[in-house]
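Here's the structure we're looking at; comments come further down.
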Amino acid sequence: MSKISVIVPVYNSEEFLTESINSILNQSFTDFDVICINDGSTDQSLRMLNNFKKRDSRIKVIDKENSGCGSARNVGIENAEGDYIYFFDPDDFIREDAFEKLYENAKNNDSDMVFSQISWYREGERINLDKPGIELEKEFDDVDFNNFTFTYKDIPRYVMNSYFAPWIKLFKKDFLKVENNFRFQENIAFDDVPFHVETIIKAKRISFVPETFYQYRTSNINSVSNTSTNSIDILRICDIVENILKQNNIFEEFKSYFYEFKIVQLILYVISSNSEMYYKSVKYELMKININDLNLPENILERYNRLVNSKNYEEYLKINNVQQPPQVDLTKLNKKLEDEKNKLKDKLNKIIKNNEKLQLDQQEIISSQKEIVLENDRLIEEKNGLTNERKELIRENEIIKNKMEIIENEKHQLERDNDYLITSNKTLKEYNANINKENRELKNENKSLLKNNKELKKVNDLILSSNSWKLTKPLRSIKSIFKK
Numbered sequence: 227m228s229k230i231s232v233i234v235p236v237y238n239s240e241e242f243l244t245e246s247i248n249s250i251l252n253q254s255f256t257d258f259d260v261i262c263i264n265d266g267s268t269d270q271s272l273r274m275l276n277n278f279k280k281r282d283s284r285i286k287v288i289d290k291e292n293s294g295c296g297s298a299r300n301v302g303i304e305n306a307e308g309d310y311i312y313f314f315d316p317d318d319f320i321r322e323d324a325f326e327k328l329y330e331n332a333k334n335n336d337s338d339m340v341f342s343q344i345s346w347y348r349e350g351e352r353i354n355l356d357k358p359g360i361e362l363e364k365e366f367d368d369v370d371f372n373n374f375t376f377t378y379k380d381i382p383r384y385v386m387n388s389y390f391a392p393w394i395k396l397f398k399k400d401f402l403k404v405e406n407n408f409r410f411q412e413n414i415a416f417d418d419v420p421f422h423v424e425t426i427i428k429a430k431r432i433s434f435v436p437e438t439f440y441q442y443r444t445s446n447i448n449s450v451s452n453t454s455t456n457s458i459d460i461l462r463i464c465d466i467v468e469n470i471l472k473q474n475n476i477f478e479e480f481k482s483y484f485y486e487f488k489i490v491q492l493i494l495y496v497i498s499s500n501s502e503m504y505y506k507s508v509k510y511e512l513m514k515i516n517i518n519d520l521n522l523p524e525n526i527l528e529r530y531n532r533l534v535n536s537k538n539y540e541e542y543l544k545i546n547n548v549q550q551p552p553q554v555d556l557t558k559l560n561k562k563l564e565d566e567k568n569k570l571k572d573k574l575n576k577i578i579k580n581n582e583k584l585q586l587d588q589q590e591i592i593s594s595q596k597e598i599v600l601e602n603d604r605l606i607e608e609k610n611g612l613t614n615e616r617k618e619l620i621r622e623n624e625i626i627k628n629k630m631e632i633i634e635n636e637k638h639q640l641e642r643d644n645d646y647l648i649t650s651n652k653t654l655k656e657y658n659a660n661i662n663k664e665n666r667e668l669k670n671e672n673k674s675l676l677k678n679n680k681e682l683k684k685v686n687d688l689i690l691s692s693n694s695w696k697l698t699k700p701l702r703s704i705k706s707i708f709k710k
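If you're matching positions, the sequence shown starts at 227 in my numbering and goes up one per residue.
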């Protein structure tokens with residue numbers, strides 16, 4: 227498991243992708259993995275990601291159908307395994323010591339989230355902003371940010387009116403996935419705004435690194451953060467944020483901040499939307515706000531009054547010194563389109579001819595490829611033959627080794643049997659010696675018994691021949707009768 231999981235949603239980013247991914251891989255801090263989610267790109271982005279994956283094992287590529295940046299980031303969160311999570315857009319780049327310093331600060335402070343500064347980047351130069359987005363040094367005097375944490379209550383204006391982008395923050399994974407279940411809004415622009423509000427009000431320990439690491443590129447029209455064509459979504463975002471504040475019982479606390487945010491964000495896209503309908507929707511929303519109850523800055527009030535007091539979209543544009551787009555002559559436009567169509571036909575015919583030539587060249591290439599394949603097959607067969615011979619030799623060698631082991635085992639068994647026979651023979655010799663000894667003793671006893679028997683027989687004969695024996699014969703007869 228790595229210390230940081232970097233989540234990169236990718237959509238048609240081939241122009242800047244190499245520079246962006248390399249800025250991640252070249253970090254001085256190396257214990258991280260990169261989760262790249264290809265969100266249905268139609269350019270070479272997916273191929274480039276797979277090439278990066280082959281070169282660096284820290285990169286994981288997930289390919290999915292296009293469903294927006296929020297959905298892609300959510301897939302990244304679900305697959306993140308690092309201790310911390312960092313979000314990164316594929317057209318930007320980052321300073322090489324970013325992860326090292328963000329991680330060090332997070333560990334020192336046990337932070338749920340770590341903020342850093344931001345720099346805007348365009349055509350090879352850093353853009354100096356009139357007003358930096360995060361000025362926490364001014365909020366906290368003379369503190370060591372390496373050992374200092376705070377909560378949203380210490381910086382209330384940053385809940386609604388700061389940079390909402392996730393890529394200026396490092397998040398603790400357990401804070402996002404275990405203690406809470408934070409996810410980005412899907413199928414909507416500005417998905418990072420609700421995510422920012424939810425996470426900052428829930429974080430128990432927030433810290434800050436007062437350095438600029440992230441370079442945000444402003445010139446890429448395919449940027450996952452480019453929302454100029456999705457201005458209508460800001461109306462929904464305002465409703466979502468309002469609900470978040472109410473669900474957490476802090477709406478009254480943030481009422482002025484919220485309406486300041488709503489006024490600024492809705493008005494911001496009125497001109498670029500070029501839409502009378504959007505203008506009317508914004509005006510309707512703004513007129514519902516009771517600004518007398520709010521402590522709004524003068525410049526916000528001025529922008530509010532300018533829109534609310536205008537009669538229609540055309541007048542609002544004039545008030546802001548913006549000219550409406552000129553009316554289009556449809557006849558001229560159609561003629562121009564027809565001319566363009568004919569030019570495209572000519573180009574198509576040329577492409578068809580070139581394609582026919584390419585097909586012939588392709589056939590020659592295919593023929594050459596077939597010859598190469600046949601030669602390759604022959605070499606493979608030859609290699610397989612040598613491989614089979616090698617396998618057979620290895621198998622025979624194994625058989626010989628097995629036989630040698632059997633012979634060795636049999637030899638050991640014979641040695642053990644021989645030792646046993648020697649021991650048994652010795653035992654039998656000792657046993658035979660004992661038997662022979664006993665036989666000699668028995669023979670001697672037998673001789674002694676025979677001698678005694680002869681002597682007893684002589685005594686018996688003497689007794690039988692004696693007068694006493696004869697005189698006592700009648701008495702012995704009577705005794706035998708009584709016994710019966």
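Ideal Cβ placement from N, Cα and C applies to all residues, glycine included.
Exercise. For residue 409, which residues of its own chain have a beta-carbon under 6 Å away from its beta-carbon, when the five flanking residues on both sides are left out?
Worked result: If you number the sequence shown from 1, residue 409 lands on position 183. Excluding positions up to five away in sequence, the list reads 300.
Exercise. Does the pairing of the region 457-466 with the region 359-375 give three or more beta-carbon distances under 8 Å?
Worked result: no
Problem set entry | Cβ neighbour criterion (16 or more within 10 Å) applied to residue 420 | Start at 1 with the first residue of the sequence shown, and residue 420 comes out as number 194. Residue 420 comes out buried.
For this session: Ignore the nearest five residues each way along the sequence and tell me which others in residue 474's own chain have a CB closer than 7 Å to its CB.
Result: For the purposes of this step, residue 474 is taken as the residue at position 248 of the sequence shown. The residues are 427.
Exercise. Among 441, 526, 283 and 579, which one has its Cα closest to the Cα of residue 321?
Worked result: What you label residue 321 is simply residue 95 of the sequence shown in a count that begins at 1. Answer by Cα proximity: 441.
Exercise. Counting Cβ pairs, one atom from each stretch, are 3 or more of them under 8 Å apart for the region 333-349 and the region 263-282?
Worked result: no
Exercise. Grouping DSSP H, G and I as helix and E and B as strand, with all else coil, what is residue 311?
Worked result: For this step, residue 311 is matched to residue 85 along the sequence shown. Of the three classes helix, strand and coil, the one that applies to residue 311 here is strand, per DSSP.
Exercise. Between residue 297 and residue 437, is the Cβ-Cβ spacing less than 7 Å?
Worked result: Mapped onto the sequence shown, residue 297 falls at position 71. Mapped onto the sequence shown, residue 437 falls at position 211. No, Cβ-Cβ distance for residue 297 and residue 437 is not below 7 Å.
For this session: Taking all protein chains shown into account, decide if residue 529 is buried (16 or more other Cβ within 10 angstroms of its Cβ) or exposed.
Result: Within the sequence shown, numbered from 1, the residue matching residue 529 stands at position 303. The residue in question, residue 529, is buried, as its Cβ has 16 or more Cβ neighbours within 10 Å.
Problem set entry | Whole-Å CB distance - residue 526 paired with residue 486, under 8 Å assumed | Residue numbering aside, residue 526 sits at position 300 when the sequence shown is read from its first letter. Residue numbering aside, residue 486 sits at position 260 when the sequence shown is read from its first letter. Confirmed, about 6 Å.
For this session: Report yes if the C-beta distance between residue 313 and residue 393 is below 7 Å; otherwise report no.
Result: Taking the sequence shown and counting its residues from 1, the one referred to as residue 313 is at position 87. Taking the sequence shown and counting its residues from 1, the one referred to as residue 393 is at position 167. For residue 313 and residue 393, yes; Cβs fall inside 7 Å.
Exercise. Do you know offhand how far residue 276's Cα is from residue 482's?
Worked result: Translated into positions along the sequence shown, residue 276 becomes position 50. Translated into positions along the sequence shown, residue 482 becomes position 256. Computed Cα separation, rounded: 48 Å.
Exercise. Can you name the start and end residues of the beta strand (DSSP E) that residue 397 belongs to?
Worked result: Numbered from its first residue, the sequence shown carries residue 397 at position 171. Per DSSP, residue 397 belongs to the beta strand (DSSP E) from 395-398.
For this session: Compare the C-alpha of residue 327 against each of 629, 256, 639 and 380 and name the closest.
Result: The residue labelled residue 327 in the question sits at position 101 within the sequence shown. Minimum Cα distance to residue 327 is reached at 256.
Exercise. Would DSSP call residue 658 helix, strand or coil?
Worked result: Looking up residue 658 in the sequence shown gives position 432. Residue 658: helix per DSSP, three-state reduction.
Exercise. Quick one: any contact between the region 498-514 and the region 397-409, if contact means 3 or more CB pairs under 8 Å?
Worked result: no
Problem set entry | Uninterrupted beta strand (DSSP E) stretches inside the region 398-483 (no shorter than 3 residues) | 432-443
Exercise. How would you call residue 443, buried or exposed, if buried means at least 16 neighbouring beta carbons within 10 angstroms?
Worked result: Counted from its first residue, the sequence shown places residue 443 at position 217. Looking at its Cβ environment, which holds 16 or more other Cβ atoms inside 10 Å, residue 443 is buried.
Exercise. Is DSSP giving residue 503 helix, strand or coil here?
Worked result: As a first step, residue 503 must be located in the sequence shown, where it is residue number 277. Residue 503 falls in the helix class under three-state DSSP.
Problem set entry | 6 Å Cβ shell around residue 279 - same chain, five flanking residues per side excluded | On the sequence shown, residue 279 is found 53 positions in, with the first residue counted as 1. Hits under 6 Å: 285 and 287.
For this session: Find out if the Cβ-Cβ distance for the pair residue 467, residue 508 is shorter than 7 Å.
Result: Locating residue 467 in the sequence shown gives position 241, counting from the first residue. Locating residue 508 in the sequence shown gives position 282, counting from the first residue. No; because the gap between Cβ atoms is not below 7 Å, this pair is not in contact.
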